[in-house]
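Asks: Before I ask anything, let me first share the structure, which is written out below as structure tokens.
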Ligand SMILES: [Zn+2]
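Numbering (our numbering), first residue to last: 103 to 318.
Here is the structure:
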């Protein structure tokens, strides 16, 4: 092979390998949350991995938490994010409960809420970001059925909506404008799309300005 051909081959190789450390930014959506002039960008540091998720034993939520974790893992080619389900809520970084967020306290004043609202169910993730730009742990996810929870359509909704909420907890603090993405505000698809996965991967390769508070 001539030197020129070798150089051309190397250039082609590099075109393919340049993405190894920094995933494609070609097809992603805005994942950061704009809050009062601030743009919040969060992801879990390696030292917190695996993120510990606890799900209340109601209407299949533990199994759906497992499938949500499994659905997001392939987005992270180099294990930039990982999570496990834990049996003890006191050890959790993320707590998933069946029901609505508690009313009457200062949650909605102090925190911003990330909603997902499909026809059969709805959910809210409440990352409490303080003035020091720390997310208080545990994060809370509330998910509830709008119809009988054990109907097949409602169960499918709980499954995909929990995957959407786990997407919020890993750092996607906004919604996609594409209905084919799991992070669309009214999620309809069962699992993350390629664009969701690209967004999650790029997010973990972008410096964060919000970090988790120390574990209690
Ligand atoms: Zn949402």
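All C-beta atoms in this analysis are idealised placements derived from N, C-alpha and C, irrespective of residue type, glycine included. All values reported here derive from a predicted model rather than from experimental measurement.
Using only alpha-carbon positions, find the residue among 180, 311, 195 that is nearest to residue 153.
Replies: Out of 180, 311, 195, 195 has the C-alpha closest to the C-alpha of residue 153.
Asks: Could you check what DSSP says for residue 144 in three-state terms: helix, strand or coil?
Replies: It is a strand residue.
Asks: When the Cα atoms are used, what is the spatial distance from residue 156 to residue 240?
Replies: Residue 156 and residue 240: Cα-Cα distance of roughly 10 Å.
Asks: Could you work out which residue in 234, 190, 237, 269 is closest to residue 226 when comparing CA atoms only?
Replies: Residue 226 has its Cα closest to that of 269, out of 234, 190, 237, 269.
Asks: Give the secondary structure of residue 181 by DSSP, where H, G and I count as helix, E and B as strand, and everything else as coil.
Replies: The answer is coil: DSSP assigns residue 181 none of H, G, I, E or B.
Asks: Taking the CB atoms as reference points, tell me whether residue 223 and residue 260 lie closer together than 7 Å.
Replies: Contact: yes.
Asks: If distances are taken between C-alpha atoms only, which option among 173, 151, 243 comes closest to residue 184?
Replies: Closest by alpha carbon: 151.
Asks: Can you give the Cα-Cα distance for residue 138 and residue 275, rounded to whole angstroms?
Replies: If you take the alpha carbons of residue 138 and residue 275, they lie about 14 Å apart.
Asks: Rounded to the nearest angstrom, what separates residue 318 and residue 272 at their Cα positions?
Replies: So the alpha carbons of these two residues sit roughly 19 Å apart.
Asks: When you compare only the Cα positions, how much space is there between residue 250 and residue 174?
Replies: For residue 250 and residue 174, the distance between alpha carbons rounds to 27 Å.
Asks: What residues in its chain sit with their C-beta under 6 Å from that of residue 131, if we drop five residues either side in the sequence?
Replies: Here the set comprises 278, 301.
Asks: Taking the beta strand (DSSP E) that residue 155 falls in, what are its first and last residues?
Replies: Looking at the DSSP string, the run of the beta strand (DSSP E) that includes residue 155 is 153 to 157.
Asks: Smallest Cα separation from residue 165: which of 188, 146, 181?
Replies: For residue 165, the nearest C-alpha among the options comes from 188.
Asks: When you compare each of 204, 246, 160 to residue 221 by their alpha carbons, which one comes out closest?
Replies: The shortest C-alpha separation from residue 221 is found at 246.
Asks: Starting from residue 169, trace the alpha helix (DSSP H) in both directions and tell me its first and last residue.
Replies: 163 to 174 is the extent of the alpha helix (DSSP H) around residue 169.
Asks: Reducing DSSP to helix, strand and coil, say where residue 245 ends up.
Replies: Three-state DSSP puts residue 245 in a strand.
Asks: Compute the Euclidean distance between the alpha carbons of residue 267 and residue 291, then round it to the nearest angstrom.
Replies: If you take the alpha carbons of residue 267 and residue 291, they lie about 13 Å apart.
Asks: Pull up the distance between the alpha-carbon of residue 265 and that of residue 257, whole angstroms please.
Replies: Near 13 Å, if we compare the C-alpha coordinates of residue 257 and residue 265.
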